[in-house]
Amino acid sequence: AQSVSQHNHHVILSEAASLELGCNYSYGGTVNLFWYVQYPGQHLQLLLKYFSGDPLVKGIKGFEAEFIKSKFSFNLRKPSVQWSDTAEYFCAVRTNQGGKLIFGQGTELSVKP
Amino acid sequence: SAVISQKPSRDICQRGTSLTIQCQVDSQVTMMFWYRQQPGQSLTLIATANQGSEATYESGFVIDKFPISRPNLTFSTLTVSNMSPEDSSIYLCSVPQGYGYTFGSGTRLTVV
Numbered sequence: 009a010q011s012v013s014q015h016n017h018h019v020i021l022s023e024a025a026s027l028e029l030g031c032n033y034s035y036g037g038t039v040n041l042f043w044y045v046q047y048p049g050q051h052l053q054l055l056l057k058y059f060s061g062d063p064l065v066k067g068i069k070g071f072e073a074e075f076i077k078s079k080f081s082f083n084l085r086k087p088s089v090q091w092s093d094t095a096e097y098f099c100a101v102r103t104n105q106g107g108k109l110i111f112g113q114g115t116e117l118s119v120k121p
Numbered sequence: 016s017a018v019i020s021q022k023p024s025r026d027i028c029q030r031g032t033s034l035t036i037q038c039q040v041d042s043q044v045t046m047m048f049w050y051r052q053q054p055g056q057s058l059t060l061i062a063t064a065n066q067g068s069e070a071t072y073e074s075g076f077v078i079d080k081f082p083i084s085r086p087n088l089t090f091s092t093l094t095v096s097n098m099s100p101e102d103s104s105i106y107l108c109s110v111p112q113g114y115g116y117t118f119g120s121g122t123r124l125t126v127v
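So this is what it looks like as structure tokens:
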């Protein structure tokens, strides 16, 4: 069965620090990849997605992610985090089997002002 | 983009009772997905609801516990049956939207 693994359960950073959140998936076929963010008490919001083409994807709020097919990875990055980036981040994968979205365990990011 | 109206937004229920959650989409969609987000955890797919056929349940979820209806292409319901405190979660519906997905605002269920 397909699965998504996020390496970090909780990340604590100071403002202006660089961020990289890991995401790996297990599926040998074509995948679509997503990163979602959930701010405290709010709905899921799409940060960015990858379908095809340039493996470096830029999203909202200065986030970007790189798809490395050989490593089955789709890591999320941001050069300089802000206190307002404090949230839960979810990596998700869609395969060509049924169109469903499979989520990773989530990474809680806490940014200290 | 599609807009999903999900009701109720929250409820507190007695154990042993059932709660039906509704999702209304403002456009026709083939597939609707139901997720559960337990406290402090990620989203787990419960089932895929297709109009005109029975829902497809993921491993660990059964129709008797989570019956789903999909009477048309814009509406679906999920019932949480014979509830226990372990069913306390946020339940969300989702629909494919362009190259992504749209999520409902969620139903926060507390079972006491």
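Chains as they are written, first to last, in this note's numbering: chain A, 9 to 121; chain B, 16 to 127. Note that the Cβ used here is the ideal one computed from N, Cα and C, for glycine as well. In this text, all values refer to a predicted model and were calculated from it rather than measured experimentally.
DSSP, reduced to helix, strand and coil, places GLY70 (chain A) within a helical segment of the structure shown. In the pairwise beta carbon analysis, the region 77 to 89 of chain B is classified as touching the region 53 to 68 of chain B: at least three pairs are separated by under 8 Å. Going by DSSP, VAL101 (chain A) is part of the beta strand (DSSP E) stretching over 95 to 103. Neighbours of PHE42 (chain A) in chain B, taken as residues whose beta carbon is under 9 Å from its own, are GLY115, TYR116 in chain order.
The Cβ neighbour count for THR32 (chain B), taken over all protein chains shown within 10 Å, is under 16; the residue is labelled exposed. Taking the CA atoms as reference points, THR35 (chain B) sits about 18 Å from THR71 (chain B).
Separation of the CB atoms of GLY119 (chain B) and ILE19 (chain B) is rounded to 4 Å, and the pair is thereby assigned contact status at 8 Å. At least 7 Å separates the CB of LEU56 (chain A) from every CB of chain B. Burial state of ILE110 (chain A) is buried, judged by a 10 Å Cβ sphere holding 16 or more other Cβ atoms.
The C-beta of LEU84 (chain A) comes no closer than 7 Å to any C-beta of chain B. Nearest neighbour of LYS22 (chain B) by Cα position, chosen from B:PHE90, B:SER103, B:PHE76, turns out to be B:PHE90.
Under the 7 Å criterion on CB atoms, THR63 (chain B) is classed as interfacial with respect to chain A.
The C-beta distance from ARG51 (chain B) to SER104 (chain B) rounds to 5 Å, short enough to meet the 8 Å contact threshold. For the pair LYS57 (chain A) and PHE42 (chain A), the CB atoms are nearer than the 7 Å cut-off. A residue is called buried when at least 16 other Cβ atoms come within 10 angstroms of its Cβ; TRP91 (chain A) does not meet this threshold and is exposed. Of all residues in the region 87 to 108 of chain B, the ones placed with a Cβ closer than 8 Å to any Cβ belonging to chain A are LEU107, in chain order. Taking 7 Å as the threshold, the shortest C-beta distance from SER16 (chain B) to chain A does not fall below it. When C-alpha distances from HIS18 (chain A) are compared across A:TYR35, A:LYS120, A:GLY107, A:GLU96, the shortest belongs to A:GLU96.
Under DSSP, LEU54 (chain A) forms a beta bridge with A:TYR44. Under the criterion of beta carbons closer than 8 Å, THR38 (chain A) and ASN104 (chain A) qualify as touching, at roughly 6 Å. If you look at ASN87 (chain B), you'll find it in the beta strand (DSSP E) that goes 83 to 87. Interface criterion not met: the Cβ of MET47 (chain B) is under 7 Å from no Cβ in chain A. Beta-bridge annotation (DSSP): PRO111 (chain B) is paired with B:TYR116.
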